């Protein structure tokens, strides 16, 4: 983002961006020698993208297309430390329905616990709207 005002030829090259995201990330996290590249002895952390996504078709400059055009929707498989955590674009380490059920219940509890606050907020919002419209006595 810091290069947006600069001419495109001054922007980081796609290979530089990929190195910053992989080896650079490992260095920042002090995990050099363990992650950040595909090599013997390194953790098997890999992401496999679908080649049929519009951003990669036709595949003419893989680095540039990956950096400048690829989207998260194209992720097919993710392997973390040798363990598949995303398969066919879906997280396979979490019970999705249980997570959704838990979130729905947490939402119901939150709304019930805060019903009075929400009612007060609606009254305040109505009073502010009335005051802005010129009816200062609407909130009694």
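Numbering (this note's numbering), first residue to last: -12 to 127. Where is the CB? At the ideal position from N, CA and C, for every residue including glycine. Predicted, not measured: the structure shown is a model, and the values here were computed from it.
Next item on the list: Locate the alpha helix (DSSP H) running through residue 81, then write down its first and last residues.
Entry: No alpha helix (DSSP H) contains residue 81, which DSSP labels as neither H nor E.
Next item on the list: Can you tell me which of the three DSSP states residue 67 falls into?
Entry: Residue state, collapsed to three classes: strand.
Check: Between the beta-carbon of residue 2 and the beta-carbon of residue 13, is there less than 9 Å?
Finding: Not in contact: residue 2 and residue 13 (Cβ atoms no closer than 9 Å).
Margin query: Taking its Cβ as the centre, do 16 or more other Cβ atoms sit within 10 Å of residue 36, making it buried, or is it exposed?
Written below: Under a 10 Å Cβ-count criterion, residue 36 is classified as buried, with 16 or more other Cβ atoms of the shown protein chains found around its own Cβ.
Next item on the list: Rounded to whole angstroms, what's the CA-CA distance from residue 20 to residue 59? Just pull it up for me.
Entry: 27 Å
Item checked: Reference residue 130, options -4, 50, 28, -3, closest by Cα -> Lying before the first or after the last residue shown, residue 130 is absent from the chain, which here runs from -12 to 127.
Next item on the list: Identify whether residue 74 lies in helix, strand or coil by the three-state DSSP scheme.
Entry: strand
Margin query: Please tell me whether, using a cut-off of 8 Å, the distance from the CB of residue 71 to the nearest non-hydrogen atom of the ligand FMN is below it.
Written below: The model depicted lacks the ligand FMN and carries no ligand whatsoever.
Note to self: I'd like to confirm the pairing. Which residues does DSSP put opposite residue 62 in its beta bridges?
What the structure shows: DSSP output for residue 62 lists 36 as bridge partner(s).
Item checked: Anticipated Cβ contact below 8 Å, residue 42 with residue 52, distance rounded -> A Cβ-Cβ separation of about 6 Å places residue 42 in contact with residue 52 under the 8 Å criterion.
Check: Do residue 30 and residue 69 have their C-beta atoms closer together than 9 Å?
Finding: yes
Check: Under three-state DSSP, which class holds residue 104?
Finding: If DSSP states are grouped into helix, strand and coil, residue 104 belongs with the helices.
Check: Quick one, are the C-beta atoms of residue 79 and residue 71 less than 9 Å apart?
Finding: yes
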